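J.: Take a look at this one; I'll ask things after.
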Amino acid sequence: MKFTLRTMTEQDLRAVAEVEAGVFTDWYRIYRREPEPLSERTVEALRYAISLDPEGNLVAVADDGAMVGFILARTWGRVGWFGTFGVPTQFQGLGIGTALVNRAVGYLESKADVIGLETMPESGANIGLYTKLGFAVTYPTHILELPLIREAERFKNARVEDADTWEGLGSSGRRRALREMREISGSILSGLDYSGEVEAIHSHGFGRTLLSRGAGDRLDGFAILRSTSIRRENATGRGYIHALAVRPGADGPSVLDDLLRQVWAACVSLGLARVAAGLSGRYQSALPLFLARGFKVMRAGIRMVRLPVSEKVFQMSDAIHLSRWAG
Ligand SMILES: CC(C)(COP(=O)(O)OP(=O)(O)OC[C@H]1O[C@@H](n2cnc3c(N)ncnc32)[C@H](O)[C@@H]1OP(=O)(O)O)[C@@H](O)C(=O)NCCC(=O)NCCS
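Each residue of the sequence shown is one higher than the last, beginning at 2 in the numbering used here.
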């Protein structure tokens, strides 16, 4: 079958939402025996997702104009990753996925030193595909969830009015906070910079960034919280910590307590029931801190990274750092 690849545009977003829900409904039925169709991503959520790296997001289009695949890619400074990604079930196995990944990787290579992805452990086909395309498995991701109401006692003094948000700062305060966030994330993984994510999540109205300051008003940690659902129906009532990082050398447990109090209050004030996050096995020494604060491990994801890459990506770190993909 003939197809061409091109950059995703605003006009594609409805079709991307439809194709994505169709592909993953099939996937969940086969691998997780979930009979209900997956709710579509909203156009607003896709617009937010592609805003970070407009040229990194692609669609595959057949000769008759039908959309036969899509891929989203983004960079966090010198760290890039792709996903979500799909080809309609009836068009799989024809080389469309390979072409989409190769093109997205070409884009990411021009901007990033580390290129990664996360996939489902059930899918041997995906792990095989990505291995053929030059990726290797690194650490699993622990997918965590904090049940908010069950942990109400632990967070009883947390009040949403006390939150220290990036959104609440003036323009010079915001610039300074972004610089400090870059300092923190860059000391965890060289070149990692969440600035674009902080700005995008705010400007698209999907959430806010919570800050924790220590002695001398130094930023010691931050949490980028997405509180608006990316799907049309959000039956899960779930918020999502896109990224959380604590300055190496700071008092980790107390900075984490401060950030989690703010996350808890923000989510509860919006009527959410739980908050999810991803902790790479690279940072697994921090896992007991999350478990001690009421988080549960729900399942695991597989992280892969494109070779060659700095050995550091494969070395354990004692940093406190959450994110679904970042080394
Ligand atoms: C993943 C997906 C996008 C791949 O798209 P696709 O168009 O089917 O992929 P391609 O046809 O380009 O390539 C499939 C490759 O995987 C290989 N493959 C498939 N099953 C495999 C297995 N179990 N072990 C090793 N390799 C395998 C095939 O041999 C093929 O490689 P080849 O072209 O060298 O023979 C598509 O299957 C999909 O949408 N899946 C459901 C959603 C999903 O999982 N998305 C990705 C989430 S991370």
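The C-beta atom is built at its ideal place from N, Cα and C for all residues, glycine as well.
Predicted model, so just to flag it, every value in this text is computed and none were measured.
1. Report all residues from its chain with a CB closer than 8 Å to the CB of Val-102; omit the five preceding and five following residues, and keep chain order.
2. Determine the DSSP secondary structure at Tyr-195, reduced to helix, strand or coil.
3. On the DSSP letters alone, give me the boundaries of the beta strand (DSSP E) that Leu-280 sits inside.
4. Could you give the distance in angstroms between the alpha-carbon of Leu-212 and the alpha-carbon of Ile-303?
5. When the Cβ atoms of the segment 44-55 are set against those of the segment 200-210, are three or more pairs found closer than 8 Å?
6. List the residues that DSSP assigns as beta-bridge partners of Val-209.
7. With 16 as the cutoff for other CB atoms within 10 Å, does Asp-259 come out buried or exposed?
8. Taking 7 Å as the cut-off, is the beta-carbon of Trp-326 closer than that to any non-hydrogen atom of ligand 1?
9. Could you have a look at Ile-321 and say whether DSSP puts it in helix, strand or coil?
10. Would you say Ala-274 reaches chain E, if we count a Cβ-Cβ gap shorter than 8 Å as a contact?
11. Going by Cα to Cα distance, which pick from Val-88, Val-115, Arg-325 is closest to Tyr-343?
12. For ligand 1, is there a heavy atom less than 7 Å away from the beta-carbon of Gly-81?
13. Which term fits Tyr-1, buried or exposed, when burial requires 16 or more other beta carbons within 10 angstroms of its beta carbon?
14. Indicate whether Ile-231 and Arg-34 have their beta-carbon atoms separated by less than 8 Å.
15. For Met-9, tell me which candidate among Ala-61, Glu-37, Phe-25, Gly-169 has the shortest Cα-Cα distance.
16. If distances are taken between C-alpha atoms only, which option among Ile-144, Thr-99, Arg-104, Leu-147 comes closest to Ala-126?
17. In whole angstroms, give me the CA-to-CA distance for Met-299 and Ser-318.
18. Taking the alpha-carbon positions, what's the Arg-307 to Gly-279 distance?
19. From which residue to which residue does the alpha helix (DSSP H) around Pro-38 run?
20. For Arg-262, which residues of its own chain have a beta-carbon under 7 Å away from its beta-carbon, when the five flanking residues on both sides are left out?
21. Evaluate Leu-220 with the Cβ neighbour count: other Cβ atoms within 10 Å of its Cβ, from every protein chain shown; 16 or more gives buried, anything less gives exposed.
22. Would you give the residue range spanned by the beta strand (DSSP E) that Leu-59 belongs to?
23. For Glu-184 versus His-243, is the C-beta spacing smaller than 8 Å?
24. Are there three or more Cβ pairs, one per stretch, closer than 8 Å when the segment 186-196 is compared with the segment 139-147?
25. At which residue ranges does the segment 91-152 contain complete alpha helix (DSSP H) runs of 4 or more residues, listed in the order of the chain?
26. Along the chain, where does the alpha helix (DSSP H) that runs through Phe-4 open and close?
27. Roughly how many angstroms separate the alpha carbons of Phe-25 and Thr-90, rounded to a whole number?
28. Below 8 Å between beta carbons: does that hold for Asp-114 and Arg-75?
29. For Gly-272, count the other beta carbons within 10 Å of its own beta carbon; 16 or more makes it buried, fewer makes it exposed. Which is it?
30. For Thr-237, does the three-state DSSP call read helix, strand or coil?
31. Can you tell me whether DSSP reads Leu-170 as helix, strand or coil?
32. Quick one: using the 10 Å Cβ neighbour count with 16 as the cut-off for buried, is Ala-67 buried or exposed?
33. Have a look at Ser-191, Lys-297, His-322 and flag the residue whose alpha-carbon is nearest the alpha-carbon of Glu-312.
34. Given that a residue counts as buried once 16 or more other Cβ atoms are within 10 Å of its Cβ, and exposed if not, what is Leu-292?
T.: With the structure as the only source:
1. Ile-72, Phe-83, Phe-86, Leu-130, Tyr-131, Leu-134
2. coil
3. 275-281
4. 29 Å
5. yes
6. Looking at the sequence itself, residue 209 is Arg, so the reference to Val does not match. Arg-209 is bridged to Leu-226.
7. buried
8. no
9. coil
10. No chain E appears in the structure shown, which is made up of a single protein chain.
11. Any question about residue 343 goes unanswered here, given that the chain covers just 2 to 328.
12. no
13. The requested residue 1 does not occur in the structure, where the chain is confined to residues 2 to 328.
14. no
15. Ala-61
16. Thr-99
17. 22 Å
18. 20 Å
19. Premise fails: Pro-38 is in no alpha helix (DSSP H) and is neither H nor E.
20. Phe-156, Ala-159
21. buried
22. 59-63
23. no
24. no
25. 97-110, 125-133
26. Element bounds for Phe-4: not the alpha helix (DSSP H) but the beta strand (DSSP E), 4-8.
27. 9 Å
28. no
29. exposed
30. coil
31. coil
32. exposed
33. Ser-191
34. exposed
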